[in-house]
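Enquirer: Please see the structure below; I have some questions.
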Amino acid sequence: MNRLGKKANETLIEMALSADDDIAILTKFKPSHSEGEECNGPETISTAGSEIPNSSEGLNSTETTLLIPEHQVIDKRHQSKDSIFFRDGVRRIDFVLSYVDDLNKEWEKKLERRKEFESNLQKAGLELEIEDKKESEDGKIFFVKIHAPWEVLITYAEVLNIKVPIRENDIPPLVENPLDCVLFPLRLPEKVMHPEPDYFTAPFSKDKQELYLINDESTFFSPSMRNRIVNYILTRCPYGTEEGKKKFGIKRLLNNGTYTAAYPLHDCQYWKKASDPNCDSERYTLYMEWARFLRFYKEQPLVLIRKYYGEKIGIYFAWLGFYTEMLFLAAVVGLICFLYGLFTMDENMSSKEICDPAIGGEIIMCPLCDRDCEYWRLNTTCEASQYSHLFDNVATLFFAIFMGIWVTLFLEFWKRRQARLKYEWDLVDFEEEQQQLQLRPEYEAKCTQKKKNPITQEMEPYLPLTSQAVRFCISGATVLFWVSLIIASMIAVIVYRLAVYAAFASLMENTQTLQPISGLLTPQLATSVTASCLNFVIIMILNFFYERIAIWITDMEIPRTHMEYENRLTMKMFLFQFVNYYSSCFYVAFFKGKFVGYPGAYTYMFNRWRNEECDPAGCLIELTTQLTIVMAGKQIWGNIQEAIVPWICNWWGRRKARNNPENLYSRWEQDHDLQTFGALGLFYEYLEMVIQFGFITLFVASFPLAPLLALMNNILEIRVDSWKLTTQYRRPVAAKAHSIGVWQEILNGMAILSVVTNAFIVAFTSDMIPRLVYYYAYSENEDLPMSGYINNSLSVFQISDFPERNEPKENPENFVICRYRDYRYPPDHERKYLHTMQFWHILAAKLAFIIIMEHVVFIVKFFVAWMIPDVPADVKAKIKREKYLTQKILHEYELEKLKERLCQGDKRATEKEFIATEGRMELSRAM
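Shown next, in the form of structure tokens:
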């Protein structure tokens, strides 16, 4: 291939400023083609071999297809439509637009927009081919197929700073892992894991094409690169002026119904390879090796995912896979802690005393509600106290400390993994995607005022400070209102707890069929379970509405760049989800049973409902119940939404197409009938996983099995996400990302908060500290130090001191005293019903424990973070090697060019310039 000979045919694209509105537009391409290039017939709108008509003379796609003579329409039964090429079988379809011609009052306006838009796409150098609606499956949809020729690709590869191969990587691979033989069953074939060799790369430059390893122009840029370039043009291409404002971008045309869809094509059907040998069938490979659940134990083909979907989706699956791998360790340790509680359940002295008829059976407890509740015996909570020991034991403390260190190891090792991916995926010098940093089309369209950019010295739109302040105030008020709505709903659930407890107590006492399970299903547990389910339903309803509100108020703020938009939406959604999902858990962990008062002086909510008490075995089992229901319910509902709903929608949309022969159902129609992944598709995936991360870190001290549940969910999640992306969704536009973005900072914040919450849970929610204080300071039995703990932890109340509001209606056994959970003096003491000294000892021990645990964990966390470098040493060496080679190759190229100019007698190529260039090479070698 003579690439030098094509210099004369190269085209330039200028990002110019319009004289009237200073909006950058794409100016006209003037491409020329090599001899012998074929025309595509009357159905192809192409710049090849003809003058491009201006906007007043050009024909739009509808008019073009109407001019096709009947005998020239290709019979679909004699041509395979499962193709990703134009009708000539040479030019690849890089993007597809679709629209429907509805003869309504907007028809002419949409027709004019399409005419102008497609004309401007041609001026930008793109080639279009139309599929008439008569050839579509339903006879209603037009398809505009778009191809980016070589001249367009190399122009925008330079604009987007795309890195391309310059030399094969000569750095030897790492020493083989001795565990590779053990991990061999988890490996995928080498051709799947590394479908192409590893190269040193450099940013593409049109003027230095000889430097790059260009073997074939048609395959040099991967399909994901090609669709990213075409999407870049589509989002910035103008389509006319309306209401005195320049209108541009495919997004607006989709919003106003001019086009119904815009998407790149999958390269084949997912269940079989493409018949065309020029197609790589990467979708089929991804489905067979990655997207099937039976491959759940296999590693992910991250290189192929990145190649097919782009770096942004690739890094999400890399993070999700790494998170799942790290969960395995946490799940194993959590399971061991749970088994410890299970095996020591019979040795728990507290449960033994509660279940003993001579101890727990003789302790009469004060009623748990006013008037309607009766006195009850402590041993009725025997089973609940035994199950509480599963999670409230000494292993809980160990696991809370372990998880504080685990989360640090996870975040630090992810930084190293991320650094390796940045190098392998050519993202080292990538600050942020240019598309992310450039102005959003919506910002340019809505901001009519302009000011000079101090860096570029060019006029660009801006939003006045007063307008920003008003929009932020409205946005902040809206978010505050919805957060207040969550808090109000949580208070409503608390009121439900308080209101129905007496009903459950009366129901279980008077219903004979419930008597056999009354020991296990206590009124407290029944109230907690039903309240948790009700809370989960409210969470889902509020989520449904707030997601739409968050997008609306973020759009209203008019963020300047795509990155700002995503960051603002992320913070709004995360703040809401944080309060929505965790508020009920925070209530049970830190508020329930803490402000109850004591018999005769109970505290009331709204002066009507008596505050809830914890079970004599503690509130930890209720926190475990709440956490399990919300966490498991969210994961089940999330998988239903992600897998079943898209499958049903696609099945419904394709039901008619099944009746037609396969060769009538074209590749672009098949993809058109799939669901749209959307710009916020990954946002919701990250949000789901980060909320799960909060469940397994913020409240893990109450439920050691949470990491195991998360592990099982994530194994399923990886395959569900890959399955739906490969089979149920249109191919997303490829985008770059060098990290998980703002989610990294959110994870760091949650990791720090988790240390605090788990310290408070161990101190105030579990019975760990009161038991330790009793063990070391108040136990009187040296042989059985924990004997007598239950009696010690219950205070005495004289029933005659009950005010009329609290006194039960009946006292058939004429009890004189009842017991309640607190540390207060008895009625015959001079400090009647005041806190004992043991209460203050326990409180001091709790505060001391929190301070000690937090400092120990934080010190270990920061030491581990300091010990583990963010970038592996071998990656640093490879980065330096690649930079050195790139500079060397570029300098050698410049030197050769300078020699050619000297030989040709170019007077501008002076001897001093030659010496300076050679000296720069020597300096580069020395550096």
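Residues in the sequence shown are numbered consecutively from 260, following the working numbering. No residue lacks a Cβ here, since even glycine has one placed at the ideal position from N, Cα and C.
Leaving aside the five residues before and after TRP896 along the sequence, list all residues of the same chain whose C-beta is less than 8 Å from its C-beta, in chain order.
Expert: Locating residue 896 in the sequence shown gives position 637, where the first residue counts as 1. Answer for TRP896: MET799, listed in chain order.
Enquirer: Quick one: is ASP361 near chain C, going by C-beta distance under 7 Å?
Expert: The displayed structure is made up of one protein chain only, and chain C is not part of it.
Enquirer: Just the C-alpha distance for ASP466 and VAL489, rounded to the nearest angstrom, thanks.
Expert: Walking along the sequence shown from the start, residue 466 turns up at place 207. Walking along the sequence shown from the start, residue 489 turns up at place 230. One C-alpha to the other measures close to 21 Å.
Enquirer: Whether or not the stretch 597-604 and the stretch 666-673 are in contact is what I'm after, with contact meaning three or more pairs of Cβ atoms, one per stretch, closer than 8 Å; do they touch?
Expert: Touching, no, given that fewer than three Cβ pairs across the two stretches are closer than 8 Å.
Enquirer: Hey, is the stretch 806-823 in contact with the stretch 782-789, meaning 3+ C-beta pairs nearer than 8 Å?
Expert: The stretch 806-823 is not in contact with the stretch 782-789.
Enquirer: Does ASN1073 come out as helix, strand or coil in the three-state DSSP assignment?
Expert: For the purposes of this step, residue 1073 is taken as residue 814 along the sequence shown, with counting starting at 1. Note: ASN1073 maps to coil in three-state DSSP.
Enquirer: How would you label CYS625, buried or exposed, when you count the other beta carbons within 10 angstroms and need 16 or more for buried?
Expert: Here residue 625 refers to the residue found at position 366 of the sequence shown. Flag for CYS625 reads buried.
Enquirer: Under three-state DSSP, which class holds TRP911?
Expert: In the sequence shown, the residue the question calls residue 911 occupies position 652. Helix, per DSSP.
Enquirer: Using alpha carbons as the reference points, say which of CYS844, GLY859, TRP741 and ILE880 lies closest to PHE835.
Expert: Here residue 835 corresponds to residue number 576 of the sequence shown, with the count starting at 1. The shortest Cα separation from PHE835 among CYS844, GLY859, TRP741 and ILE880 belongs to TRP741.
Enquirer: Exposed or buried, what is ASN866 when buried is set at 16 or more other beta-carbons lying within 10 Å of its beta-carbon?
Expert: Mapped onto the sequence shown, residue 866 falls at position 607. Exposed, since its Cβ has fewer than 16 Cβ neighbours within 10 Å.
Enquirer: Can you list, in chain order, the residues of its chain with a C-beta nearer than 7 Å to that of HIS525? Leave out the 5 residues immediately preceding and following it.
Expert: As a position in the sequence shown, residue 525 is number 266, starting the count at 1. Closer than 7 Å at the Cβ level, and outside the excluded window around HIS525, lie ARG542, ASP930 and ARG990.
Enquirer: Between the Cα of VAL1130 and the Cα atoms of PHE581, TYR568, ALA678 and TYR498, which residue gives the shortest distance?
Expert: Locating residue 1130 in the sequence shown gives position 871, where the first residue counts as 1. Nearest of PHE581, TYR568, ALA678 and TYR498 to VAL1130, Cα basis: ALA678.
Enquirer: Would ILE812 and THR884 be called neighbours here (beta carbons separated by less than 7 Å)?
Expert: Here the question's residue 812 lines up with position 553 in the sequence shown. Here the question's residue 884 lines up with position 625 in the sequence shown. No, Cβ-Cβ distance for ILE812 and THR884 is not below 7 Å.
Enquirer: Name the DSSP beta bridge partners of PHE459, please?
Expert: Against the sequence shown, residue 459 aligns to sequence position 200. PHE459 is bridged to ARG426.
Enquirer: May I ask which residues mark the beginning and end of the beta strand (DSSP E) holding PHE845?
Expert: For the purposes of this step, residue 845 is identified with residue 586 of the sequence shown, where counting begins at 1. Per DSSP, PHE845 belongs to no beta strand (DSSP E); it is in the alpha helix (DSSP H), 821-849.
Enquirer: The beta strand (DSSP E) spanning PRO497 covers which residue range?
Expert: By one-based count along the sequence shown, residue 497 stands at place 238. That run of the beta strand (DSSP E) goes 497-501.
Enquirer: For PHE576, which residues from the same chain have a beta carbon less than 8 Å from its beta carbon, with the 5 sequence-adjacent residues on both sides left out?
Expert: On the sequence shown, residue 576 is found 317 positions in, with the first residue counted as 1. Contacts found: GLN559, LEU561, ILE564, ILE977, ASP980 and SER981.
Enquirer: Between TYR358 and TYR518, is the Cβ-Cβ spacing less than 7 Å?
Expert: Mapped onto the sequence shown, residue 358 falls at position 99. Mapped onto the sequence shown, residue 518 falls at position 259. Yes, the pair counts as a contact, with Cβ atoms nearer than the cut-off.
Enquirer: Please classify SER743: does DSSP put it in a helix, a strand, or coil?
Expert: Your numbering for residue 743 matches position 484 in the sequence shown. Three-state DSSP puts SER743 in a helix.
Enquirer: Distance check for THR1016 and ILE955, CA to CA, integer angstroms please.
Expert: Taking the sequence shown and counting its residues from 1, the one referred to as residue 955 is at position 696. Taking the sequence shown and counting its residues from 1, the one referred to as residue 1016 is at position 757. C-alpha separation (whole angstroms): 12 Å.
Enquirer: So which of GLU1153, PRO963, PHE507 and ARG1083 has the shortest CA-CA distance to ASN652?
Expert: Taking the sequence shown and counting its residues from 1, the one referred to as residue 652 is at position 393. When each option's Cα is compared against that of ASN652, the closest is PRO963.
Enquirer: Report the residue from ILE1110, TYR840, LYS709 and ILE1020 whose alpha carbon sits nearest the alpha carbon of PHE850.
Expert: Here residue 850 is taken as the residue at index 591 of the sequence shown, counted from 1. That would be ILE1020, whose Cα lies nearest to the Cα of PHE850.
Enquirer: Please classify LYS364 as buried or exposed, where buried requires at least 16 other C-beta atoms within 10 Å of its C-beta.
Expert: For this step, residue 364 is matched to residue 105 along the sequence shown. That one is exposed.
Enquirer: Determine, using beta-carbon pairs with one atom in the stretch 639-650 and one in the stretch 1082-1089, whether at least three such pairs fall under 8 Å.
Expert: No, the stretch 639-650 does not touch the stretch 1082-1089.
Enquirer: Helix, strand or coil: how does DSSP classify TYR358 here?
Expert: Within the sequence shown, residue 358 is the residue found at index 99, counting from 1. It is a strand residue.
Enquirer: So what does DSSP say about PRO720, is it helix, strand or coil?
Expert: Within the sequence shown, residue 720 is the residue found at index 461, counting from 1. Reduced to three states, the DSSP call for PRO720 is strand.
Enquirer: Between which two residues does the alpha helix (DSSP H) harbouring HIS1114 extend?
Expert: Start at 1 with the first residue of the sequence shown, and residue 1114 comes out as number 855. Where HIS1114 is concerned, the enclosing alpha helix (DSSP H) stretches over 1096-1126.
Enquirer: Helix, strand or coil for GLY348, going by three-state DSSP, please let me know.
Expert: For this step, residue 348 is matched to residue 89 along the sequence shown. The answer is coil: DSSP assigns GLY348 none of H, G, I, E or B.
Enquirer: So, using beta-carbon positions, are LYS710 and TYR702 closer together than 7 Å?
Expert: In the sequence shown, residue 710 corresponds to position 451, counting from 1. In the sequence shown, residue 702 corresponds to position 443, counting from 1. No, they are not a contact pair.
Enquirer: May I ask you to report which of helix, strand or coil DSSP gives VAL403?
Expert: For the purposes of this step, residue 403 is taken as the residue at position 144 of the sequence shown. DSSP places VAL403 in strand when its eight states are reduced to three.
Enquirer: Name the residue from PHE936, LEU933 and ASN972 whose alpha carbon lies nearest to the alpha carbon of PHE952.
Expert: Residue mapping note: residue 952 aligns to position 693 of the sequence shown, counting from 1. Per the Cα distances, ASN972.
Enquirer: Does DSSP put LEU1161 in a helix, a strand or coil?
Expert: To locate residue 1161, count along the sequence shown from 1; it is residue 902. Looking at LEU1161 - three-state DSSP - the assignment turns out to be helix.
Enquirer: Over what stretch of residues does the beta strand (DSSP E) that includes LYS710 continue unbroken?
Expert: To locate residue 710, count along the sequence shown from 1; it is residue 451. From DSSP, the beta strand (DSSP E) with LYS710 extends over 709-711.
Enquirer: Where does HIS648 fall in DSSP's three states?
Expert: As a working note, residue 648 is residue 389 in the sequence shown. HIS648: helix per DSSP, three-state reduction.
Enquirer: According to DSSP, is TRP868 part of a helix, a strand, or is it coil?
Expert: For this step, residue 868 is matched to residue 609 along the sequence shown. Correct three-state label for TRP868: strand.
Enquirer: Would you mind working out which of ILE613, GLU1041 and LEU1144 sits nearest GLU621, comparing C-alpha positions?
Expert: Position 362 of the sequence shown holds residue 621. Out of ILE613, GLU1041 and LEU1144, ILE613 has the C-alpha closest to the C-alpha of GLU621.
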